[in-house]
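Participant: Per the UniProt record's numbering, the very first residue in the sequence shown carries number 1; after that it's consecutive. All residues carry an ideal CB built from backbone N, CA and C; glycine is no exception. All values derive from a computational prediction rather than experimental measurement. The structure that follows is given in the form of structure tokens.
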Amino acid sequence: MLLKKQTVWLLTMLSLVVVLSVYYITSPEPNRSNLANVEEPKENVSEETAKEDGKPVETSDEDAVISGIASDEQFEALRLDLEDQRSQRKAELQAIVASTDLPVEQRNKAYDEMKDLDTISKKENVLETLIKTMGYEDALVRADGEKVRITVKAQDHTPAEANEIIQMVRSELGAYQAVAVTFQPEK
1 MLLKKQTVWL
11 LTMLSLVVVL
21 SVYYITSPEP
31 NRSNLANVEE
41 PKENVSEETA
51 KEDGKPVETS
61 DEDAVISGIA
71 SDEQFEALRL
81 DLEDQRSQRK
91 AELQAIVAST
101 DLPVEQRNKA
111 YDEMKDLDTI
121 SKKENVLETL
131 IKTMGYEDAL
141 VRADGEKVRI
151 TVKAQDHTPA
161 EANEIIQMVR
171 SELGAYQAVA
181 VTFQPEK
């Protein structure tokens, strides 16, 4: 019995979908954050030491590393939240663009918004890199519509440094956006 070309094509595509689904389900999920795993010290041991000696327990450099990683995790969590929000918005926009029921103007508007989201994301990454090259440990740039919020990890800061960051952001994103710079102390 001869199969029609459409039937063969349909069966080929379905088998491809099944194979790819099995591959993605069985493949290990990549670790999105490159943070070090740090074991927290047991509190019971330090309490017993303090009770026996009667002297306060001294903190070591390891505690500073743990708090530094915690603040890195905070930056990473904010980045992931922003990325998730944008991914959801992109999925909504892709559904609008793919829909044939909607008018062309609405689909074009959704496509333009998708391109704008990509452009903003790239500019945020560029700005974060530029701020890091200024000597700061880490920076987080969030551009939401008309506002740009920047969080910079730095021990010491001056209004001149904040102004320099604001000028750099305005040259990259445009002069008509409100820019807010906050400094978070390094831990």
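1. Nearest-angstrom Cα distance between glutamate 92 and aspartate 156?
2. With DSSP as the reference, please indicate the residues paired to glutamine 184 in a beta bridge.
3. Checking 7 Å against the spacing of the C-beta atoms, do isoleucine 150 and valine 181 come in under that value?
4. Going by the DSSP bridge assignment, what does alanine 91 pair with across the sheet?
5. State buried or exposed for methionine 13, treating a residue as buried only when at least 16 other CB atoms are found within 10 Å of its CB.
6. In three-state terms, what does DSSP make of asparagine 34?
7. Taking contact to mean at least 3 C-beta pairs separated by less than 8 Å, is the segment 156-167 in contact with the segment 111-119?
8. Glutamine 177 and glutamate 128: beta carbons closer than 7 Å?
9. State the beta-bridge partners of valine 18 as determined by DSSP.
10. Compute the minimum distance between the beta carbon of tyrosine 23 and the heavy atoms of the ligand COA, and state whether it is under 6 Å.
11. From leucine 173 to valine 17, what does the alpha carbon distance come to, in whole angstroms?
12. Where does leucine 140 sit, in a helix, a strand or coil, going by DSSP?
13. With 16 as the cutoff for other CB atoms within 10 Å, does valine 148 come out buried or exposed?
14. With a cut-off of 8 Å, do at least 3 Cβ pairs link the segment 77-97 to the segment 105-115?
15. By the DSSP assignment, the alpha helix (DSSP H) with glutamine 106 in it spans what residues?
16. Which of the three DSSP states, helix, strand or coil, is assigned to lysine 5?
17. So what's lysine 55 in DSSP terms, helix, strand or just coil?
18. If the criterion is Cβ atoms closer than 7 Å, does the pair lysine 153 and glutamate 186 meet it?
Facilitator: In terms of the structure at hand:
1. 42 Å
2. Lys153
3. Contact flag set, yes.
4. The partner list for alanine 91 (beta bridge, DSSP) is empty, contrary to what the question assumes.
5. exposed
6. Here asparagine 34 scores only 44 on pLDDT, less than 50, and its place in the model should not be relied on; the value that follows carries that caveat. In the structure shown, asparagine 34 sits in coil (DSSP, three-state: anything other than H, G, I, E or B).
7. no
8. It is not a contact, given that the beta carbons lie outside the stated cut-off.
9. Valine 18 is not bridged to any residue.
10. The ligand COA is absent from the structure shown, which contains no ligand whatsoever.
11. 41 Å
12. strand
13. Answer is buried; the Cβ neighbour count reaches 16.
14. yes
15. 104-133
16. Lysine 5: helix per DSSP, three-state reduction.
17. Per-residue confidence for lysine 55 stands at a pLDDT of 48, beneath the threshold of 50, marking its modelled position as unreliable; the derived number appears in the next sentence. Coil, per DSSP.
18. Yes, the Cβ-Cβ distance between lysine 153 and glutamate 186 is below 7 Å.
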